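S.K.: Input: one structure, supplied below.
Numbering (my numbering), first residue to last: 2 to 286.
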């Protein structure tokens, strides 16, 4: 497929999608991602996963702090393209609101890959929310982006079953690969006018939130009850959904204990890996 396109994406989900594209020969003209940010306790300035991947494959990278139509001149001076010179733009977990004037500039518009079955789970945490809610299935949506969050017309969707022990990381990888496969299959049909994008049913829309550190707290009493079978399913799903970020934790003897991995056995919660404050992670039998 010989297209000129701009790829908007920053975190691991976007990097998995981008890597699959590169493997299939669908190479973006420029990758737009967030600026390098401080990461971890030592606040080490770290480039986004998509930047590292793009640099590895000699793809131009553009990291505007503020995304405006006028900021595309630096992209050209860096060897990239102006937004009007691409056939389409693709967004996969970019992390910034893209102005309407940029979304509408490419010839075939700006398409999004969202890891949920829109209009369900719009927003920042669709994968975590699907797991923590106990959803039996989720999927990916290819849609034509507009100025509202995850609101545009749907081009294609595909569904996947959520397995009992799917974690955020395992489901994220599955959905990223599913999204790439669906996009490559769908793109020629969309470009050739064989697909008519369909409006989302806003009355069925649900919305997600960004999970914070406090969302990962489980009281020790609740944890002990789950180990005996009380609400074990929901605690297990919470552990699966919120690791590695923001993480699940409890307090035992006034020390923070991270709950890193779990499973269900005989309807009871079984902890597989924990980390007590000040110590290295510990695998449990």
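The C-beta atom is built at its ideal place from N, Cα and C for all residues, glycine as well.
As the structure is a computational prediction, the values presented were derived from the model and not from experiment.
In this structure, how does DSSP classify residue 265 when only helix, strand and coil are distinguished?
M.R.: As a position in the chain shown, residue 265 is number 264, starting the count at 1. In the structure shown, residue 265 sits in a strand (DSSP, three-state: E or B).
S.K.: Is DSSP giving residue 147 helix, strand or coil here?
M.R.: Working through the chain shown from its first residue, we reach residue 147 at position 146. Coil at residue 147, not helix or strand.
S.K.: Check each candidate in 115, 129, 149 and name the one with the smallest Cα separation from residue 183.
M.R.: Counting from one through the chain shown, the residue named residue 183 turns up at place 182. Out of 115, 129, 149, 115 has the C-alpha closest to the C-alpha of residue 183.
S.K.: Please name the residue, chosen from 104, 263, 144, 168, that lies closest to residue 158 on a Cα-to-Cα basis.
M.R.: Numbered from its first residue, the chain shown carries residue 158 at position 157. Among 104, 263, 144, 168, the Cα nearest to that of residue 158 belongs to 144.
S.K.: Tell me whether residue 47 is buried or exposed, calling it buried when 16 or more other Cβ atoms sit within 10 Å of its Cβ.
M.R.: Mapped onto the chain shown, residue 47 falls at position 46. Flag for residue 47 reads exposed.
S.K.: Could you say which of 246, 238, 165, 92 lies nearest to residue 133 if we only look at CA atoms?
M.R.: If you number the chain shown from 1, residue 133 lands on position 132. When each option's Cα is compared against that of residue 133, the closest is 238.
S.K.: Taking the straight line between their C-alpha atoms, what separation do you get for residue 187 and residue 112?
M.R.: To locate residue 187, count along the chain shown from 1; it is residue 186. To locate residue 112, count along the chain shown from 1; it is residue 111. C-alpha separation (whole angstroms): 11 Å.
S.K.: With the cut-off set at 8 Å, would you say residue 33 and residue 9 are in Cβ contact?
M.R.: Working through the chain shown from its first residue, we reach residue 33 at position 32. Working through the chain shown from its first residue, we reach residue 9 at position 8. Yes, these two residues count as a Cβ contact at 8 Å.
S.K.: Is the CB-CB distance between residue 22 and residue 173 below 8 Å?
M.R.: Walking along the chain shown from the start, residue 22 turns up at place 21. Walking along the chain shown from the start, residue 173 turns up at place 172. Going by C-beta atoms, residue 22 is not nearer than 8 Å to residue 173.
S.K.: Measure how close the beta-carbons of residue 217 and residue 248 come, nearest whole angstrom, since I'm counting them as under 8 Å.
M.R.: Counted from its first residue, the chain shown places residue 217 at position 216. Counted from its first residue, the chain shown places residue 248 at position 247. Confirmed, Cβ separation roughly 5 Å.
S.K.: Less than 8 Å separating the beta-carbons of residue 11 and residue 124?
M.R.: In the chain shown, the residue the question calls residue 11 occupies position 10. In the chain shown, the residue the question calls residue 124 occupies position 123. For residue 11 and residue 124, no; Cβs fall outside 8 Å.
S.K.: Do residue 261 and residue 276 count as a contact pair if the criterion is CB distance below 8 Å?
M.R.: Sequence index remark: in the chain shown, residue 276 carries index 275 (1-based). Sequence index remark: in the chain shown, residue 261 carries index 260 (1-based). Result yes, Cβ atoms of residue 276 and residue 261 sit closer than 8 Å.
S.K.: Tell me the rounded alpha-carbon separation between residue 117 and residue 199.
M.R.: What you label residue 117 is simply residue 116 of the chain shown in a count that begins at 1. What you label residue 199 is simply residue 198 of the chain shown in a count that begins at 1. About 16 Å.
S.K.: When the Cα atoms are used, what is the spatial distance from residue 110 to residue 90?
M.R.: Here residue 110 is taken as the residue at index 109 of the chain shown, counted from 1. Here residue 90 is taken as the residue at index 89 of the chain shown, counted from 1. Spanning the two alpha carbons is a distance of roughly 7 Å.
S.K.: Looking at the secondary structure, which residues open and close the beta strand (DSSP E) in which residue 40 lies?
M.R.: Against the chain shown, residue 40 aligns to sequence position 39. First-last of the beta strand (DSSP E) with residue 40: 38–40.
S.K.: Would you call residue 285 buried or exposed, if buried means 16 or more other Cβ atoms sit within 10 Å of its Cβ?
M.R.: Position 284 of the chain shown, counted from the start, is the residue given in the question as residue 285. With fewer than 16 Cβ atoms within 10 Å of its Cβ, residue 285 is classed as exposed.
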